[in-house]
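A.B. asks:
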Amino acid sequence: MGKLRQAAIYGKGGIGKSTTTQNLVAALAEIGKKVMIVG
Numbered sequence: 014m015g016k017l018r019q020a021a022i023y024g025k026g027g028i029g030k031s032t033t034t035q036n037l038v039a040a041l042a043e044i045g046k047k048v049m050i051v052g
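Residue numbers for the sequence shown follow our numbering, beginning at 14 and rising by one.
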């Protein structure tokens with residue numbers, strides 16, 4: 014089993030956190046990584 018990595022994206026409202034998260038998750042999934050979003 015590979016290493017578990019965590020990433021957290023913080024900031025005030027309206028700066029694109031959700032968009033950034035979705036794009037990051039899509040890119041990781043596209044290269045075969047297992048991802049989970051907790052919101």
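Glycine residues also receive a C-beta, built at the ideal position from the N, C-alpha and C atoms.
For my contact list, V48 and V38 are in at a C-beta cut-off of 8 Å; report their separation, rounded to the angstrom.
C.D. replies: Rounded, the Cβ-Cβ distance is 5 Å, consistent with contact.
A.B. asks: Return the chain-ordered list of same chain residues with a C-beta closer than 8 Å to the C-beta of A20, the five sequence neighbours on each side being excluded.
C.D. replies: Result list for A20: L37, in chain order.
A.B. asks: Going by the beta-carbon positions, is the gap between I22 and T33 smaller than 8 Å?
C.D. replies: Cβ distance < 8 Å, so I22 and T33 count as in contact.
A.B. asks: Could you tell me the alpha carbon to alpha carbon distance between G27 and K16, rounded to whole angstroms?
C.D. replies: Cα-Cα distance, rounded: 32 Å.
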